[in-house]
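Here the sequence shown is numbered in this note's numbering, starting from 14 and rising by one per residue. Only one structure is covered here, and it is reproduced in the block below.
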Amino acid sequence: MAKLCRCTKSGCNLPAECFQIVFNEYYAMSSPQQYRFLADHIDITEPARRYYIKIRGVRHQLCERMFLASLSLKDSSLRKTKLKLQQGITCFDDGRGRTRGVNKFQITEETKNRIRHHILSYKARESHYARKKQGLSVGI
Ligand SMILES: [Zn+2]
């Protein structure tokens, strides 16, 4: 399989499926959660900022280009987020509060299964082989 990025950072060498999962998770979040996610995945304490992708709880470093691409983030929105992080803004709530202990937007098992299914159907299409015939209507 072609590599997504030419650099040697471990996160850049992960298979596309990993990025798909992170992408889906990110877009299932509310905006304060997305901000918290970014805060958790960007290390701004270093002069040369580091970016990470977290796969099954393990952080892999990746380059900025891949970080942006994997979340399809605009450079400008990333810059704004970084600025906030540098200013030490840690209040991620958008004024509504009461978020402690409430995981309203937590990814449910159902969502995870849907993502898993999505990836599997991807693979099936790639290999021109349908894993499950059941419920699949192919062609005319
Ligand atoms: Zn890279």
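Idealized CB from N, CA, C, for every residue including glycine.
According to the Cβ coordinates, are residue i and residue j closer than 8 Å?
{"i": "residue 39", "j": "residue 84", "result": "yes"}
{"i": "residue 91", "j": "residue 81", "result": "yes"}
{"i": "residue 36", "j": "residue 42", "result": "no"}
{"i": "residue 61", "j": "residue 98", "result": "no"}
With distances taken from CA atoms, which of the options is nearest residue i?
{"i": "residue 25", "options": "101, 35, 61, 75", "result": "75"}
{"i": "residue 66", "options": "79, 57, 58, 60", "result": "79"}
{"i": "residue 133", "options": "34, 58, 62", "result": "34"}
Cutting at 6 Å between CB atoms, please list the residues of its own chain near residue i, excluding the five before and the five after it.
{"i": "residue 32", "result": "83"}
{"i": "residue 20", "result": "76"}
{"i": "residue 18", "result": "25, 79"}
Do you know how far the Cα of residue j is from the Cα of residue i?
{"i": "residue 77", "j": "residue 45", "result": "21 Å"}
{"i": "residue 70", "j": "residue 125", "result": "15 Å"}
{"i": "residue 113", "j": "residue 101", "result": "With a pLDDT of 48 at residue 113, under the threshold of 50, the modelled position of that residue is not reliable, and the figure given next carries that caveat. Each residue's alpha carbon lies about 19 Å from the other."}
{"i": "residue 130", "j": "residue 28", "result": "17 Å"}
{"i": "residue 127", "j": "residue 68", "result": "18 Å"}
{"i": "residue 93", "j": "residue 122", "result": "32 Å"}
So, at 8 Å on beta carbons, what are the nonlocal neighbours of residue i in its own chain, with the 5 sequence-adjacent residues on each side left out?
{"i": "residue 23", "result": "73, 74, 75"}
{"i": "residue 63", "result": "55, 56, 74"}
{"i": "residue 86", "result": "80"}
Is any heavy atom of ligand 2 found at a distance shorter than 7 Å from the C-beta of residue i?
{"i": "residue 75", "result": "No copy of ligand 2 appears in this structure; the ligands present are ligand 1."}
Apart from the five residues just before and just after residue i, which ones in its own chain have a Cβ nearer than 7 Å to its Cβ?
{"i": "residue 88", "result": "81"}
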